[in-house]
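Undergrad: So the sequence shown is numbered by our numbering: it starts at 899 and just counts up by one. Even glycine gets a Cβ: it sits at the ideal position worked out from N, Cα and C.
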Amino acid sequence: MQQMFKGIIFVFILLCTITDIKEKRIYWWMILVFLPFFLLYGISWGKSEPYEWVQDLALGAFLLFVGVIWKEQIGIGDGIFVFMMGMVWDVRFLMVSIISALLLLAFLGGCLMLAGKIDKKEKMPFVPFMALGIAGNILYGIYGNV
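#1: Please state the DSSP three-state secondary structure of valine 1044.
#2: Is the beta carbon of tyrosine 949 sitting closer than 8 Å to the one on valine 986?
#3: For glycine 958 versus valine 994, is the C-beta spacing smaller than 8 Å?
#4: Please state the DSSP three-state secondary structure of proline 934.
#5: Cutting at 6 Å between CB atoms, please list the residues of its own chain near valine 1025, excluding the five before and the five after it.
#6: Return the residue from the list Gly984, Gly975, Ala956, Gly973 that minimises the CA-CA distance to leucine 937.
#7: Taking Cβ to Cβ, would you say alanine 1029 is nearer than 8 Å to isoleucine 911?
#8: Go to methionine 993, then tell me how far its alpha helix (DSSP H) extends in each direction, as first and last residue.
#9: Note down, in chain order, each residue of its chain lying with its Cβ closer than 8 Å to the Cβ of tyrosine 1038, except the 5 sequence neighbours on either side.
#10: Using the C-alpha atoms, what's the distance from leucine 1002 back to valine 966?
#11: Going straight from the alpha carbon of leucine 933 to that of aspartate 954, what length do you get?
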């Protein structure tokens, strides 16, 4: 049963990655469809104490807040994505994944700017890099067990 939920989480990450690359957005219907699975996973296999929910969801809530305040410099969809990942993984796992994603994004963005493919005002999707950060964290066990 747990493997089925992990597969559903993978499908959500994949769909968000594809839509963020193609359309630079995450659709509300995807969030609403997948939200119950994330909640059930967190309740069944993840978090047992209320403080775990608070600390693990706080990072996504903070990114949502920053996205609203800074007028989409950090997308609201990125904050929602991290918020939903907080239902599955803990804050330390997410921090390592986010730092990995930011490093990958900075490296690729720098290479593309040096090559003259983009300018510094170009917006790049964050979710694909976050997905790579999560995958790297899982595959290489940078932090914790999944």
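TA: In short, the structure shows the following:
#1: The residue you call residue 1044 lines up with position 146 of the sequence shown. In this predicted model, valine 1044 has a pLDDT of only 49, less than 50, meaning its place in the structure is not dependable enough to derive any value.
#2: Start at 1 with the first residue of the sequence shown, and residue 949 comes out as number 51. Start at 1 with the first residue of the sequence shown, and residue 986 comes out as number 88. In this structure, valine 986 does not lie closer than 8 Å to tyrosine 949 by Cβ.
#3: For the purposes of this step, residue 958 is taken as the residue at position 60 of the sequence shown. For the purposes of this step, residue 994 is taken as the residue at position 96 of the sequence shown. No, they are not a contact pair.
#4: Here residue 934 corresponds to residue number 36 of the sequence shown, with the count starting at 1. The answer is helix: DSSP assigns proline 934 an H, G or I state.
#5: Your numbering for residue 1025 matches position 127 in the sequence shown. Counting only Cβ-Cβ distances below 6 Å, and skipping sequence neighbours, we find Cys914, Thr915, Asp918, Phe979.
#6: On the sequence shown, position 39 is the one that residue 937 refers to. It is Gly984 whose Cα lies nearest to the Cα of leucine 937.
#7: Translated into the one-based positions of the sequence shown, residue 1029 becomes position 131. Translated into the one-based positions of the sequence shown, residue 911 becomes position 13. With respect to the 8 Å criterion, alanine 1029 and isoleucine 911 are classified as neighbours on the basis of their beta carbons.
#8: On the sequence shown, position 95 is the one that residue 993 refers to. Unbroken alpha helix (DSSP H) run through methionine 993: 989-1012.
#9: Translated into positions along the sequence shown, residue 1038 becomes position 140. So no residue of the chain qualifies.
#10: Position 68 of the sequence shown, counting from 1, holds the residue named residue 966. Position 104 of the sequence shown, counting from 1, holds the residue named residue 1002. Rounded to whole angstroms, valine 966 to leucine 1002 spans 24 Å at the Cα level.
#11: Taking the first residue of the sequence shown as position 1, residue 933 is located at position 35. Taking the first residue of the sequence shown as position 1, residue 954 is located at position 56. Their Cα atoms are separated by approximately 15 Å.
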